[in-house]
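Chains as they are written, first to last, in our numbering: chain A, 165 to 301; chain B, 165 to 301; chain C, 165 to 301; chain D, 165 to 301.
Structure, as structure tokens:
Protein chains: 4
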Amino acid sequence: MEFRIDRSSGLPAYLQLVRQVREALRLGWLGPGDRLPTVRDVVARSGVNANTVLKAYRELELSGLVEARQGSGTFIKAGLGSTDPEVMAALRTRLAEWVREARAAGLDTEDVDALVRSVLADEDGDQVTAGEGVAVR
Amino acid sequence: MEFRIDRSSGLPAYLQLVRQVREALRLGWLGPGDRLPTVRDVVARSGVNANTVLKAYRELELSGLVEARQGSGTFIKAGLGSTDPEVMAALRTRLAEWVREARAAGLDTEDVDALVRSVLADEDGDQVTAGEGVAVR
Amino acid sequence: MEFRIDRSSGLPAYLQLVRQVREALRLGWLGPGDRLPTVRDVVARSGVNANTVLKAYRELELSGLVEARQGSGTFIKAGLGSTDPEVMAALRTRLAEWVREARAAGLDTEDVDALVRSVLADEDGDQVTAGEGVAVR
Amino acid sequence: MEFRIDRSSGLPAYLQLVRQVREALRLGWLGPGDRLPTVRDVVARSGVNANTVLKAYRELELSGLVEARQGSGTFIKAGLGSTDPEVMAALRTRLAEWVREARAAGLDTEDVDALVRSVLADEDGDQVTAGEGVAVR
DNA sequence: GTGGTCTAGACCACC
DNA sequence: GTGGTCTAGACCACT
Numbered sequence: 165m166e167f168r169i170d171r172s173s174g175l176p177a178y179l180q181l182v183r184q185v186r187e188a189l190r191l192g193w194l195g196p197g198d199r200l201p202t203v204r205d206v207v208a209r210s211g212v213n214a215n216t217v218l219k220a221y222r223e224l225e226l227s228g229l230v231e232a233r234q235g236s237g238t239f240i241k242a243g244l245g246s247t248d249p250e251v252m253a254a255l256r257t258r259l260a261e262w263v264r265e266a267r268a269a270g271l272d273t274e275d276v277d278a279l280v281r282s283v284l285a286d287e288d289g290d291q292v293t294a295g296e297g298v299a300v301r
Numbered sequence: 165m166e167f168r169i170d171r172s173s174g175l176p177a178y179l180q181l182v183r184q185v186r187e188a189l190r191l192g193w194l195g196p197g198d199r200l201p202t203v204r205d206v207v208a209r210s211g212v213n214a215n216t217v218l219k220a221y222r223e224l225e226l227s228g229l230v231e232a233r234q235g236s237g238t239f240i241k242a243g244l245g246s247t248d249p250e251v252m253a254a255l256r257t258r259l260a261e262w263v264r265e266a267r268a269a270g271l272d273t274e275d276v277d278a279l280v281r282s283v284l285a286d287e288d289g290d291q292v293t294a295g296e297g298v299a300v301r
Numbered sequence: 165m166e167f168r169i170d171r172s173s174g175l176p177a178y179l180q181l182v183r184q185v186r187e188a189l190r191l192g193w194l195g196p197g198d199r200l201p202t203v204r205d206v207v208a209r210s211g212v213n214a215n216t217v218l219k220a221y222r223e224l225e226l227s228g229l230v231e232a233r234q235g236s237g238t239f240i241k242a243g244l245g246s247t248d249p250e251v252m253a254a255l256r257t258r259l260a261e262w263v264r265e266a267r268a269a270g271l272d273t274e275d276v277d278a279l280v281r282s283v284l285a286d287e288d289g290d291q292v293t294a295g296e297g298v299a300v301r
Numbered sequence: 165m166e167f168r169i170d171r172s173s174g175l176p177a178y179l180q181l182v183r184q185v186r187e188a189l190r191l192g193w194l195g196p197g198d199r200l201p202t203v204r205d206v207v208a209r210s211g212v213n214a215n216t217v218l219k220a221y222r223e224l225e226l227s228g229l230v231e232a233r234q235g236s237g238t239f240i241k242a243g244l245g246s247t248d249p250e251v252m253a254a255l256r257t258r259l260a261e262w263v264r265e266a267r268a269a270g271l272d273t274e275d276v277d278a279l280v281r282s283v284l285a286d287e288d289g290d291q292v293t294a295g296e297g298v299a300v301r
């Protein structure tokens, strides 16, 4: 697994790490027993400080998703999204098609993002996971 | 326009405000000449501090999207690459269908979010606007 | 770099800071890679509040001139159309001569300032950077 | 006399008005007995609010430069820079030459401004009237 | 110890 | 009443 930290996003680095592990679990890229990259590894590849990585891993451990084993690494303990991989793949394919259409219509990534967040917010006042929703009267 | 602040998202409140204005512009909910809610209004409705709102509005002003007029309010100055509303609506409808399917398959909001981010990240290494991306080897 | 804040000038302190950094860039006193004084440093030396300094640095960052790195400081990211230092020095010398003359003729600083602004304003209706201009019919 | 207000300069509008009157006095454009434009006039031409103009005129009156005569207008009471007009003109000409040179060397207005402020600041620690000075160690 | 967010409250400038 | 500046101080994120 490879982490990508965007220093300009405003989201704290350690939360970006936590989030990326959770997403990998949801998507089935990671599962119980898998080993997370070592702290040293993440430091080398992403440039963040070791304490930042430790903080992220600690947080994951506290939420029960991960288990640190002294001397051997950090391992996934529990899964997250237990959706059937095939169903997931099918949904993904259809989503990708939609994105292609959107691109063709001239939308850039931020447009797409805005639309997605807006649609999710519309579902009867549901919370959008990333944080907000917009409503205009 | 109504703002929603999610204190648990990790994203700074003022950036949530900035983002929501930008999204409203992208979606065509707001356009040049429109007035943003007054600082005091936002304070009353969202509970954040006045300085936080001021900071958000100031960043919007510096980026050229908005113009503050002392004594009268803050106004939209420029649009943000707005796509044809009809095309937008069509895309939105199709997206909403997809989301319904995803829901039916048991995905929760965080799953949907992960999928979207993953698909956007896949498009030839493009950056995801919200900040990160996940790549698994 | 050392900042000087004049509380009686009417110009907001944070703008004085922004301006002084810009001027230092223009004059070649500062260049890419250089580190600005820490926020705490400026606070200690100039007496303004930390938030005021932060605000100035943030504006510089948004305008792309500077980059803040948490834990290590704020650094110059880009130059500002720097003219050849020798040419600059020559112009400076000649200007200094002119100022000496003006002083000898009895002009005080405010007179000199008024003259400069007036000459700059005269150049085909160009805008004076500091804000105003005077035209008498 | 014509006022020019720059809303983006950061300097309060009423101070811009005050400053412009003072400059006109310094440069000899205005002298004792001259009448300032009426408040109504300034409002019409510059777009600022009447109270803002009144505040500026009041401030000028408090500093003894101007005198308001009920029903007839506001008049210059005292001069400021009493430098010989011919000397002033000569200095102005030489300054204009210098500015032309600077322009030819590629400096823009902000560069020129920075140089001037820097030279004025250098005169043995003298205060620059507009507010600041920059010193780099 | 570095930058950054947020709050609370005072006071200013402008309409 | 509108936006804007500044202060003071608490707490967070990162090196």
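Backbone N, C-alpha and C fix where the C-beta goes; we use that ideal spot for every residue, glycine too.
| Item | Value |
| --- | --- |
| Quick one: which chain B residues come within Cβ less than 7 Å of residue 251 (chain A)? | 269 |
| Residue 238 (chain C) lies in the beta strand (DSSP E); which residues open and close that run? | 237 to 240 |
| I'd like the span of the beta strand (DSSP E) that includes residue 232 (chain A), first residue to last. | 230 to 233 |
| For residue 196 (chain D), verify whether its CB is less than 7 Å away from any heavy atom of the ligand SAM. | Of the ligands one can find in the structure shown there are none, so the ligand SAM has no counterpart to examine. |
| With a CB to CB cut of under 6 Å and the five nearest residues on each side skipped, what residues in its chain are close to residue 231 (chain B)? | 239 and 241 |
| Using 10 angstroms around the beta-carbon of residue 234 (chain C), count the other beta-carbons present and answer buried if the total reaches 16, otherwise exposed. | exposed |
| Could you say which of B:258, B:250 and B:184 lies nearest to residue 220 (chain B) if we only look at CA atoms? | B:184 |
| Just to confirm, are residue 269 (chain D) and residue 247 (chain C) a CB contact at a threshold of 8 Å? | yes |
| Could you please give the first and the last residue of the uninterrupted alpha helix (DSSP H) stretch that includes residue 257 (chain B)? | 249 to 268 |
| State the DSSP-derived secondary structure class of residue 166 (chain D), mapped to helix, strand or coil. | strand |
| Going by Cα to Cα distance, which pick from B:168, B:283, B:286 and B:275 is closest to residue 190 (chain A)? | B:275 |
| Does residue 174 (chain C) come within less than 8 Å of chain D when only Cβ atoms are used? | yes |
| Would residue 259 (chain D) pass as a contact of residue 283 (chain C) if the rule is Cβ separation under 8 Å? | yes |
| Whole-angstrom Cβ separation of residue 202 (chain D) and residue 237 (chain D), contact assumed at under 8 Å? | 6 Å |
| Check this for me: beta carbons of residue 209 (chain D) and residue 166 (chain D), under 8 Å apart or not? | yes |
| Less than 8 Å between C-beta atoms, sequence neighbours within five positions excluded: which residues of the same chain meet that for residue 249 (chain D)? | 192 |
| How is residue 175 (chain B) classed by DSSP in three states: helix, strand or coil? | coil |
| So, is residue 266 (chain A) buried or exposed, given that buried needs 16 or more other C-beta atoms within 10 angstroms? | buried |
| With distances taken Cα to Cα, identify the nearest neighbour of residue 212 (chain A) among A:281, A:262, A:272 and A:177. | A:177 |
| Hey, is residue 223 (chain C)'s beta-carbon within less than 8 Å of any beta-carbon in chain B? | yes |
| Would you kindly check if the distance between the Cβ of residue 228 (chain B) and the Cβ of residue 196 (chain B) is under 8 Å? | no |
| Considering just the uninterrupted stretch of the alpha helix (DSSP H) at residue 282 (chain C), what are its terminal residues? | 273 to 286 |
| For chain A, is any of its Cβ atoms less than 8 Å away from the one on residue 266 (chain B)? | yes |
| Whole angstroms are fine: how far does the CA of residue 285 (chain D) sit from the CA of residue 278 (chain B)? | 57 Å |
| Kindly identify the DSSP beta-bridge partner or partners of residue 200 (chain D). | D:238 |
| Report the residues of the stretch 193 to 217 of chain C with a CB closer than 8 Å to any CB of chain D, ordered along the chain. | 193 and 194 |
| If we define contact as Cβ-Cβ less than 8 Å, is residue 259 (chain B) a contact residue for chain C? | no |
| Between the C-alpha atoms of residue 207 (chain A) and residue 171 (chain A), what's the straight-line distance to the nearest angstrom? | 14 Å |
| CB residue 182 (chain D) to CB residue 224 (chain D), shorter than 8 Å? | yes |
| Whole angstroms is fine: what's the gap from residue 262 (chain D)'s alpha carbon to residue 271 (chain A)'s? | 51 Å |
| Can you grab the Cα-Cα spacing for the pair residue 216 (chain B) / residue 251 (chain D), in whole Å? | 53 Å |
| Please list the terminal residues of the continuous alpha helix (DSSP H) segment that includes residue 213 (chain A). | Looking at the DSSP string, residue 213 (chain A) is not in any alpha helix (DSSP H), and its letter there is neither H nor E. |
| Assign residue 188 (chain B) to buried or exposed, taking buried as 16 or more other Cβ atoms, counted over all protein chains shown, within 10 Å of its Cβ. | buried |
| Under 8 Å between beta-carbons, which chain B residues line up against residue 278 (chain A)? List them in chain order, please. | 186, 187, 190 and 191 |
| Out of B:180, B:205 and B:280, point me to the one whose CA is closest to residue 255 (chain A)'s CA. | B:280 |
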